[in-house]
Amino acid sequence: MKIGVCGTGRMGSSIAQRLMSVGHEVGVWNRNSAKTKPLIDAGAKLFSSSAALVEGCEVVVVMLLNDTATEAVYRGPNGILTSKLAGKLVIDMSTVRPDTMKSNGSSVLQQGAAFVECPVGGSTGPAKEGKLFGLAGGTKADVTRAMLVLEQLCRRIEHLGALGSGATMKLAVNLPLLVYWQALGEALAICKPLNLPADRLIDILSDTAGTPTAMKGRGAAIAKVLGGAPMGETAFGLSAAKKDLATAVQFGASIHAELPVTASALACFEEAEAAGLGDADATAVSVRWTQRPAAAARS
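Each residue of the sequence shown is one higher than the last, beginning at 415 in the numbering used here.
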């Protein structure tokens, strides 16, 4: 099958690699074309615009950073909505506001294409292995059509309802984990007087009821950084995590849901980003908190 991947950041590139590994003919486009080079070198076909990508492929998987990017890629010059969409299938896996997903999806549907939203749980490793958790929204017929592709990308797929439902659930899924990375930093901060080796401290904290599954994959890396090693590969960037928290807070406000803990965590992620950690893994917020000057010293 000819499948286009629109947006080749960390997750988009990982999804493209997965699709190529299972035998699809993959086309790619990114606003910064330099980010497509590793995929082109691996055999993907480069397209000149998102519109050209749609017209040259049967299915297009969209994986963009935020609402601003989706607005530009869907509605800008040579954008998705300027293409000949009739008969195509668009699967949008971006993490954006539910109203943005509804608006883009409705515009695609009006032009005779099928549209499914399917933001995903999981980072670059699971994406390359086809082990993401898909949170789908759209009509039953469109989701059924998309399953052939989604089942090669996801270990589990939940069809949650109409457009916007997948985006809503994705914000809910990300929120506790991102808040946890800040809470872990605070837990590590109060453990400083114990003077325990970092690996032992992380091992103890990991073997408790309050620890998320993500610690199985990230705990050892966090311990190494706490012990003085440089930060390793970024699985989920801190700036992207901050964006997801901000989106959750904005969406919560729009439906009159108060998210005070999320808002506090967002402020901590913003502070870490301002300190130059935007490209680091989101877990860098935990490490940074242990290295932050005490409140009394800052006042």
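The C-beta atom is built at its ideal place from N, Cα and C for all residues, glycine as well. All values derive from a computational prediction rather than experimental measurement.
Counting only residues of its own chain and dropping the five nearest sequence neighbours on each side, tryptophan 443 has a CB closer than 6 Å to the CB of Cys420, Phe461, Ser464, Leu467. Positions of the alpha helix (DSSP H) runs, each at least 4 residues long and wholly inside the region 431-473, are given as 451-455, 464-470 in order along the chain.
According to the DSSP secondary-structure assignment, lysine 498 is paired through a beta bridge with no residue. The secondary-structure analysis by DSSP pairs phenylalanine 547 across a beta bridge with Gly535, Arg570.
Every alpha helix (DSSP H) of 4 residues or more that sits fully in the region 616-674 is shown, in chain order, as 629-640, 652-668.
In this structure, valine 504 keeps its C-beta atom at 8 Å or more from the C-beta atom of valine 534.
In this structure leucine 585 is in contact with aspartate 658, their Cβ atoms being roughly 7 Å apart against a cut-off of 8 Å. Per DSSP, aspartate 481 is one residue of the alpha helix (DSSP H) stretching across 481-489. DSSP links aspartate 695 through a beta bridge to Gly651.
Non-local beta-carbon contacts of glutamate 543 in its own chain, meaning distances under 8 Å to residues more than five positions away in sequence, involve Arg432 in chain order.
Between the region 588-596 and the region 616-636, the count of Cβ pairs shorter than 8 Å is three or higher; the stretches touch. Valine 510 sits in coil when the DSSP states are folded into three classes, being neither helix nor strand. Here the region 564-580 does not lie against the region 654-668, with fewer than 3 beta-carbon pairs under 8 Å apart.
In the three-state scheme derived from DSSP, where H, G and I count as helix and E and B as strand, glycine 418 is classed as strand.
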